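Peer 1: Just dropping this structure here.
Structure, rendered in structure tokens:
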């Protein structure tokens, strides 16, 4: 198990009532940060990776033993890295049951809880699933928490940053065996989906196929990468051979105090949890 902890000097969990807690649950780990509600600055951060355990089990243990995670906060947000999500027009959710949308897209959803959340634009909603047992663990330990899919902060970030992009915009949130894809062209969202892959070659084949289907110009598109991938990984190196403009997602401005968090490597891995207090 790997565990890393960062904190400003005078952070005190006893003063948590005025702070915001953001938690990200991964298939193989857990990350949680405490931020100030007035300016979203990070005060504390812990990342735990354990390939032998699901993040939900680590979360349950930490809630019992970690005084920072166990404290009461003004607001608690949880990002659950789901493998099942789809977008749906918000106005139509009034006429269609969310579970029916999930069944149409994912098949049988018995044993899962179907959740929805609406983007700040109020035009698009994310319909996604979380295993019912996992939701129960979250509710039991953090009854007041609001659960989100990873697509909420990812879409918010992509739609905001694409406005500053002259050409098309492609965001890839990469994990070990799957990738969340967001494609925006001319200010309009064209694609938001998740795809599975096993090898770097398979990942590249998928991305090139995507570019061909959507007629994406490899020299014009801005490709932003986030997720559980190192900057020198084979996946990114393969990608750089075919896309001219690749960059790793930037940490939202103003939230990081350099003296406390400057040693964090691969900050793009924490985009969803850094972005969360800003977009909800």
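Numbering (the working numbering), first residue to last: 65 to 344. By construction, the Cβ of each residue, glycine as well, lies at the ideal position given by its N, Cα and C atoms. These numbers were taken from a predicted model, which means no experiment stands behind them.
(1) For residue 75, collect the residues of the same chain with a Cβ closer than 6 angstroms to its Cβ; drop the 5 residues on either side in sequence, then sort them by chain order.
(2) Quick check: the Cα distance between residue 256 and residue 83, rounded to an integer number of angstroms?
(3) Name, in chain order, the residues that DSSP records as bridge partners for residue 256.
(4) Cβ of residue 183 within 8 angstroms of Cβ of residue 152?
(5) Between residue 154 and residue 178, what straight-line distance do the alpha-carbon atoms span, to the nearest angstrom?
(6) In the DSSP output, which residue or residues are listed as bridge partners for residue 96?
(7) Rounded to whole angstroms, what is the Cα-Cα separation between residue 286 and residue 81?
(8) In this structure, does DSSP put residue 127 in helix, strand or coil?
(9) Distance check for residue 269 and residue 278, CA to CA, integer angstroms please.
(10) What number of angstroms, rounded off, separates the C-alpha of residue 265 from the C-alpha of residue 292?
(11) Below 8 angstroms between beta carbons: does that hold for residue 339 and residue 217?
(12) Helix, strand or coil for residue 280? Go by DSSP, reduced to three states.
(13) Can you check whether the CB of residue 245 is closer than 8 angstroms to the CB of residue 224?
(14) Where are the alpha helix (DSSP H) runs, 4 residues long or more, that stay fully inside the stretch 138-204, in chain order?
(15) Let's see if you can read the secondary structure: which residues bound the alpha helix (DSSP H) around residue 301?
(16) Given that a residue counts as buried once 16 or more other Cβ atoms are within 10 Å of its Cβ, and exposed if not, what is residue 168?
(17) Under 8 angstroms between the Cβ atoms of residue 123 and residue 148?
(18) Can you round the beta-carbon distance between residue 197 and residue 142 to whole angstroms, since I take them to be within the 8 angstroms contact cut?
Peer 2: Checking against the coordinates, here is how it stands:
(1) Along the chain shown, one-based indexing puts residue 75 at 11. Cβ neighbours of residue 75 beyond the five flanking positions: 107, 108.
(2) Counting from one through the chain shown, the residue named residue 256 turns up at place 192. Counting from one through the chain shown, the residue named residue 83 turns up at place 19. Taking the straight line from one Cα to the other gives about 32 angstroms.
(3) Indexing the chain shown from 1 puts residue 256 at position 192. Residue 256 pairs with 246.
(4) Along the chain shown, read from residue 1 onward, the residue named residue 183 stands at position 119. Along the chain shown, read from residue 1 onward, the residue named residue 152 stands at position 88. No; because the gap between Cβ atoms is not below 8 angstroms, this pair is not in contact.
(5) Residue mapping note: residue 154 aligns to position 90 of the chain shown, counting from 1. Residue mapping note: residue 178 aligns to position 114 of the chain shown, counting from 1. Their Cα atoms are separated by approximately 15 angstroms.
(6) Here residue 96 corresponds to residue number 32 of the chain shown, with the count starting at 1. In the DSSP output, where bridge partners are listed per residue, residue 96 has 87, 110.
(7) In the chain shown, counting from the first residue as 1, residue 286 sits at position 222. In the chain shown, counting from the first residue as 1, residue 81 sits at position 17. Cα to Cα, residue 286 sits roughly 40 angstroms from residue 81.
(8) For the purposes of this step, residue 127 is taken as the residue at position 63 of the chain shown. Helix at residue 127.
(9) By 1-based counting over the chain shown, the position of residue 278 is 214. By 1-based counting over the chain shown, the position of residue 269 is 205. Cα to Cα, the separation comes out at about 14 angstroms.
(10) Mapped onto the chain shown, residue 265 falls at position 201. Mapped onto the chain shown, residue 292 falls at position 228. Cα to Cα, the separation comes out at about 18 angstroms.
(11) Counting from one through the chain shown, the residue named residue 339 turns up at place 275. Counting from one through the chain shown, the residue named residue 217 turns up at place 153. In this structure, residue 217 lies closer than 8 angstroms to residue 339 by Cβ.
(12) The residue labelled residue 280 in the question sits at position 216 within the chain shown. Here residue 280 sits in coil by DSSP.
(13) For the purposes of this step, residue 224 is taken as the residue at position 160 of the chain shown. For the purposes of this step, residue 245 is taken as the residue at position 181 of the chain shown. Taking 8 angstroms as the Cβ cut-off, residue 224 and residue 245 do not qualify as a contacting pair.
(14) 162-170
(15) Numbered from 1 along the chain shown, position 237 holds the residue referred to as residue 301. Residues 298-304.
(16) Here residue 168 corresponds to residue number 104 of the chain shown, with the count starting at 1. It is exposed - the Cβ of residue 168 has fewer than 16 other Cβ atoms within 10 Å.
(17) Counting from one through the chain shown, the residue named residue 123 turns up at place 59. Counting from one through the chain shown, the residue named residue 148 turns up at place 84. No, the Cβ-Cβ distance between residue 123 and residue 148 is not below 8 angstroms.
(18) Position 133 of the chain shown, counting from 1, holds the residue named residue 197. Position 78 of the chain shown, counting from 1, holds the residue named residue 142. With a Cβ gap of about 15 angstroms, residue 197 and residue 142 do not count as contacting.
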